[in-house]
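In full-length UniProt numbering, the protein residues as written are 1 to 152. All C-beta atoms in this analysis are idealised placements derived from N, C-alpha and C, irrespective of residue type, glycine included.
Written out as structure tokens, the structure reads:
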């Protein structure tokens, strides 16, 4: 009985969608949006091209081609995520040992609106939904209204 009473004052997580619509600001903090590649303080990509994210992806939407770095580590010469195939499960984030890939709080429509504000024309062809390494790094700069999902 105590357990039941303890959960009553908490905010509900389940919504009856058509009858009870929610605004974008009411999304859960665990929301999984588009991906971003994190960088170090020296603006180098944290990814070491270990292929664990691509292996963990059930949709097979991550493409990586490794290249040797001057320091001896590998780095991703090609890192692409096909957002048309992605199911936003978050397995790639969990599998990454370097915390190089994260999921933001942005939906795809929000992402394209932010890019259109910058004068880019995106979302009109299928190739616009294949996010390359540079686009994933640039996702760090898009304002996300505090909706970024960080590892705890």
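Check: Are residue 92 and residue 56 touching if we call contact CB-CB under 8 Å?
Finding: Here residue 92 is taken as the residue at index 92 of the chain shown, counted from 1. Here residue 56 is taken as the residue at index 56 of the chain shown, counted from 1. In this structure, residue 92 places its C-beta atom within 8 Å of the C-beta atom of residue 56.
Next item on the list: Identify whether residue 16 lies in helix, strand or coil by the three-state DSSP scheme.
Entry: Numbered from 1 along the chain shown, position 16 holds the residue referred to as residue 16. Residue 16 falls in the coil class under three-state DSSP.
Margin query: Considering only the alpha carbon of each residue, which of 90, 131, 5 lies closest to residue 58?
Written below: Locating residue 58 in the chain shown gives position 58, counting from the first residue. Closest option to residue 58, Cα to Cα, is 90.
Note to self: What would DSSP say about residue 77, mapped onto helix, strand or coil?
What the structure shows: What you label residue 77 is simply residue 77 of the chain shown in a count that begins at 1. Note: residue 77 maps to strand in three-state DSSP.
Check: If we count Cβ pairs, one from each stretch, closer than 8 Å, do we get three or more for the stretch 58 to 73 versus the stretch 106 to 118?
Finding: Remark: fewer than three beta-carbon pairs, one from each stretch, lie closer than 8 Å, so the stretch 58 to 73 and the stretch 106 to 118 are not flagged as touching.
Margin query: Can you look up residue 133 in the DSSP assignment and give me helix, strand or coil?
Written below: Locating residue 133 in the chain shown gives position 133, where the first residue counts as 1. Assigned with DSSP and collapsed to three states, residue 133 falls in helix.
Check: Should the stretch 90 to 109 be regarded as contacting the stretch 2 to 11, the criterion being three or more beta carbon pairs within less than 8 Å?
Finding: Too few Cβ pairs lie closer than 8 Å, so no.
Check: What does DSSP give as the partner residues of residue 102 in its beta bridges?
Finding: Looking up residue 102 in the chain shown gives position 102. Per DSSP, the beta-bridge partners of residue 102 are 36.
Check: Got a sec, what are the start and stop residues for the beta strand (DSSP E) residue 107 sits in?
Finding: The residue you call residue 107 lines up with position 107 of the chain shown. No beta strand (DSSP E) contains residue 107, which DSSP labels as neither H nor E.
Note to self: Does residue 87 pass the burial test, meaning 16 or more other C-beta atoms within 10 Å, or should it be called exposed?
What the structure shows: In the chain shown, counting from the first residue as 1, residue 87 sits at position 87. When all chains shown are included, residue 87 counts as exposed.
Next item on the list: Give the DSSP-derived three-state secondary structure of residue 69 in the structure shown.
Entry: The residue given as residue 69 occupies position 69 in the chain shown. Per DSSP, reduced to three states, the secondary structure at residue 69 is coil, with no helix or strand assignment.
Next item on the list: Buried or exposed for residue 42, please, with buried defined as at least 16 other CB atoms from any protein chain shown within 10 angstroms of its CB.
Entry: Working through the chain shown from its first residue, we reach residue 42 at position 42. By the neighbour-count criterion, in which 16 or more other beta carbons inside 10 Å mark a residue as buried, residue 42 falls on the exposed side.
Notebook entry, point to check: residue 84: buried (16+ other C-beta within 10 angstroms of its C-beta) or exposed?
Noted result: In the chain shown, the residue the question calls residue 84 occupies position 84. Here residue 84 is exposed. Its C-beta has fewer than 16 other C-beta atoms within 10 Å.
Next item on the list: Would you grab the beta carbon distance between residue 37 and residue 79 for me? Rounded to a whole angstrom, and I think it's under 8 Å.
Entry: In the chain shown, residue 37 corresponds to position 37, counting from 1. In the chain shown, residue 79 corresponds to position 79, counting from 1. Sure, about 7 Å apart at Cβ, within 8 Å.
Checklist line | Identity of the residue in 45, 62, 14 nearest residue 52 by Cα | finding: Position 52 of the chain shown holds residue 52. Among 45, 62, 14, the Cα nearest to that of residue 52 is on 62.
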